[in-house]
Amino acid sequence: MTATTPDLPTRPPVPRTALVTGAGRGIGRELALALAREGYALGLVARTRERLEEVADEARALGAPVTVAAADLVDATAVADAVGRVEAGLASQGGIGLLVNNAGVIEHAELPFAADDVEDVWRVVETNVRGPLLATHAVLPGMLARGGGRVLNMNSGAGHRAMTSYTGYAISKGALARLTTQLHRQYVGAGIRVLDLAPGVVATDMTAAMPVHAQRTEWTSPEQVAALAVGFAAGDLDALSGRFVRAGVDTVASLREHADVIVATDARTLRLSTWGPDDPAV
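If you read the sequence shown in full-length UniProt numbering, its first letter stands for residue 1, the second for the next number, and so on.
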């Protein structure tokens, strides 16, 4: 694969460490354990300490050093404190090298916007956007001081595809995709790489509660999601920083094979479609 993005600084290298939000269950747990198997030291953050401690015990059994920090991810003070504790816990391994913004929620009901509870819609937007904003803002100074780092935003096809329900979820994932492009544009030269990873439809507590998936028989496996996350953590997808990948259809190998054309055509990124080069909107 031809290098299409400046290489991350090699001195010092990006630490083999990761902070995973929403790590107490579901995809977050799977990602944390996959990273532990690859030798990463972990910081686990979520609301419920009991669940985090269970995952921490599993990760430690795999040989991973683990720091646990329970926090409400929409509380700025709590997030800053949690990140500080994780940075301190991972200091001997070099600090936080990878941030996985995984924590997220969806509406309680599958309804079009006019029939939905706007407070519930806002709860989803706040959790799915404010949480990653706060976590990333707290982690970035350390990454920049060390000369590089990676941010993985767990996104969704809902971020770029209109839906007949789950308005807050779609809004939040579209905003998260824009955060990915902003971080890339602002910090790629400083060694930061950022990627949107859509996990497809994984069998979790969240998807089990969604009527739209009630009759589903085909699911994305956690292993497929973890493989992309681990590949990004290792730097294998750095050329696609600022872009979108999807588990279940993409693999590290297929993305590396097509990286040049993806970058050359400015594909897999959130932007306005135009009618052509004469469109005055751009």
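Here a beta-carbon is modelled for each residue, glycine too, at the ideal position from N, C-alpha and C.
Does DSSP put residue i in a helix, in a strand, or in coil?
i	result
Val139	helix
Arg29	helix
Gln111	In the sequence on display, residue 111 carries Leu and not Gln. Coil.
Asn128	helix
Ala36	helix
Gly276	coil
Ala3	For Ala3, the predicted model reports a pLDDT of 43, less than 50, meaning its position is unreliable; a value from the coordinates is still stated below. Three-state result, Ala3: coil.
Val106	Before going further, note that residue 106 is Ile rather than Val in the sequence given. Note: Ile106 maps to coil in three-state DSSP.
Leu228	helix
Ala41	strand
Asp250	strand
Thr67	strand
Val282	coil
Val245	strand
residue 320	Lying outside 1 to 282, the shown extent of the chain, residue 320 is not represented and no answer is given.
Tyr169	helix
Thr269	coil
Arg16	coil
Glu50	helix
Pro9	Residue placement at Pro9 is poorly supported in this model, since its pLDDT is 47, which falls under 50; the coordinates still yield a value, given next. Residue state, collapsed to three classes: coil.
Thr77	helix
Asp236	coil
Glu218	coil
Thr162	Sequence inspection shows Ala at residue 162; the Thr mentioned does not correspond to that position. Ala162 falls in the coil class under three-state DSSP.
Nearest by alpha-carbon distance to residue i: which of the options is it?
i	options	result
Asn101	Ala115, Leu179, Thr164, Arg85	Leu179
Val151	Gly97, Thr164, Ala115, Asp116	Gly97
Ala227	Leu19, Ala32, Pro15, Ala23	Ala32
Pro112	Glu50, Thr167, Gly200, Ala229	Thr167
residue 285	Arg130, Arg268, Leu237	The structure shown has nothing for residue 285, since the chain only spans 1 to 282.
Gly131	Gly231, Gln93, Asp75	Asp75
Leu134	Gly174, Val83, Ala115, Gln93	Val83
Ala234	Gly24, Thr21, Ala34	Ala34
Ile27	Ser92, Thr77, Leu255, Met154	Met154
Gly94	Pro13, Leu255, His137	Pro13
Glu53	Glu30, Val79, Gly24	Gly24
Glu30	Pro65, Leu99, Pro222	Pro222
Trp122	Ser172, Glu110, Gly43	Ser172
Thr77	Gly200, His137, Ala259	His137
Ala145	Leu42, Tyr187, Leu272	Tyr187
Leu272	Thr265, Ala281, Ala264	Ala281
Taking all protein chains shown into account, decide if residue i is buried (16 or more other Cβ within 10 angstroms of its Cβ) or exposed.
i	result
Gln224	buried
His184	buried
Thr17	buried
Thr164	exposed
Gly39	exposed
Asp279	exposed
Ala229	buried
Glu87	buried
Asp57	exposed
Gly174	buried
Val124	buried
residue 289	Examination of residue 289 is not possible in this model, given that the chain is present from 1 through 282 alone.
Pro277	exposed
Leu270	buried
Thr21	buried
Arg60	exposed
Compute the beta-carbon to beta-carbon distance between residue i and residue j, rounded to the nearest angstrom, for a pair I have assumed lies under 8 Å.
i	j	result
Leu90	Thr127	Incorrect: roughly 25 Å between the Cβ atoms, too far for contact.
Val45	Ala69	5 Å
Glu119	Tyr169	Actually they are not in contact, since the Cβ atoms of Glu119 and Tyr169 sit about 15 Å apart, beyond 8 Å.
Asp72	Arg47	6 Å
Arg37	Leu62	6 Å
Val194	Ser241	6 Å
Ala177	Phe244	7 Å
Gly191	Gly142	Actually they are not in contact, since the Cβ atoms of Gly191 and Gly142 sit about 12 Å apart, beyond 8 Å.
Arg256	Asp236	7 Å
Leu197	Val139	The pair is not a contact, with the Cβ atoms about 17 Å apart (cut-off 8 Å).
Thr181	Pro199	At roughly 20 Å, the Cβ-Cβ gap does not stay under 8 Å, so Thr181 and Pro199 are not in contact.
Can you tell me which residues form a DSSP beta bridge with residue i?
i	result
Asn153	Asn101, Asp196
Thr21	Val45
Val118	Answer is none; Val118 lacks a bridge partner.
With a threshold of 8 Å between beta carbons, is residue i in contact with chain B?
i	result
Ile171	This model lacks chain B altogether, as it is built from one protein chain only.
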